Amino acid sequence: MKSKYLYLIISPLIIIIAVFAVSALPEKEPEAPLEGKSDLAVKVEYAKLETLHNTIEVTGKLKAKDRYEIYAEVEGRLLSSAKKFREGNYYKKGQVVLQIDQQERLMTLLADKSNFMTDLTAILPDLKEDFSESYPTWNQYLKEFDIHKPLKELPTPTTEKEKYFIAGNGIYSSYYTIKSSEEKLNKYTIYAPFSGVISKSNIEAGTAVRAGEELGEMVNLSSYELEVTAPLKDIEHFKKGSKVKLYSSELDTEWTGTVIRVGSTLDANSQSVKVYIQTSGKDLKEGMFLTAKVSSTSFEDAIQIPRKLIFDENQIFIVENNKLKTQKIEVLESFRSEAIVKGVPSNSAVLMTNIKNPYEGMKVQVMK
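In terms of our numbering, the sequence shown opens at residue -19 and continues consecutively.
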């Protein structure tokens, strides 16, 4: 019982002593905030106002401007000259490219000319008697007749009676039959229509070819055509005769091209129009992909910034006294990831860092 009373007396004393001990301890001073702890480090670019040009870029595939598909118009055996008819082989304009055996056709033509000569000889006596004024002309024509040379044009009759006489003896019919055969004989030899290379070869020397069969293809590599599709909103900058810059992502070279045609139809899906650009130059090859670059409208007192920095369609942030400030702008042109804008004060610090949830008055620290 005695110890119980003792416990009740000592417990309050311990509590009182503890309170006094805590209050006697020196007070801990609050930590000072770290300098700049709340300021976010950002990058800026100081606006340098200048005259900018919007650059339009379109890409297309290069192909030879002149392309000649070679077909056989006659039938026969291909002669050995076709051994050179291989892809990549070069021919000058007018050079023999292919030759089909024409011997049989030639013999038939010579026989027809010989018969024609006989027919002319047979009518000379009647011409001398009935058409004495025309006789010397026909006689001279016969003297100059050579079956190994192309048929010359027939003398012109001086009267209707003479014309009917010539026609009645089958002279005109034989003449045009021979001229047709001469024309067909020329098709046995194929000449290069321009200087170029063989891009496709389908035949071998010694093989028989049929009329209408495709033998190969020839292209002129001195001039190329680039087909591109330009957006409808930019088509006004691709006018016939206008110059464009061309470049390849694979080569460190630039070429100049000229717009030669602009399509008249619109692709409904892409809202674009086809544009054809002619060019030539070293290192160009058929099948290359080239990018055509043209400059459009000039914009004065403007700057170019990333599109991602624009918010609410016409505002950006600038930095003043280490605080963000909204700046209203006018978007003059936008393309891909960049935009040309106006309305930014000269030398103002344009925020270039993409900040999460920025706001006007937000404290930032400009990175040096």
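Every residue, glycine too, gets a C-beta built ideally from N, C-alpha and C. This structure is a prediction, so every number in the text was calculated from the model and none was measured.
Asked, Found
"Please go through the segment 150 to 195 and give each complete alpha helix (DSSP H) segment of 4 or more residues, from N-terminal end onward.", "151 to 165"
"Indicate whether Val54 and Lys164 have their beta-carbon atoms separated by less than 8 Å.", "yes"
"Using DSSP with H/G/I as helix, E/B as strand and the rest coil, what is Lys288?", "helix"
"Less than 8 Å separating the beta-carbons of Ile309 and Glu197?", "no"
"For Leu90, which of helix, strand or coil comes out of DSSP?", "helix"
"If you check the beta carbons only, do Met347 and Lys23 fall under 8 Å apart?", "yes"
"Report the rounded CA-to-CA distance for Lys336 versus Leu20, giving the unit in angstroms.", "11 Å"
"Applying the criterion that 16 or more other CB atoms from any shown protein chain within 10 Å of the CB defines a buried residue, is Gln345 buried or exposed?", "exposed"
"Using 8 Å as the threshold, is the C-beta distance between Thr31 and Phe291 below it?", "no"
"Are the Cβ atoms of Asn34 and Glu313 separated by less than 8 Å?", "yes"
"Going by DSSP, name the residue or residues bridged to Lys273.", "Glu37, Lys225"
"Spatial neighbours of Arg287 within its chain, please: C-beta separation below 7 Å, excluding the five flanking residues on both sides.", "Ser314, Ser317, Glu318, Ala319"
"If contact is defined by three or more beta carbon pairs under 8 Å, each pair taking one atom from either stretch, is the segment 34 to 45 in contact with the segment 143 to 162?", "no"
"Indicate whether Glu340 and Leu289 have their beta-carbon atoms separated by less than 8 Å.", "no"
"Quick check: what's the CA-CA separation for Ile283 versus Pro173?", "53 Å"
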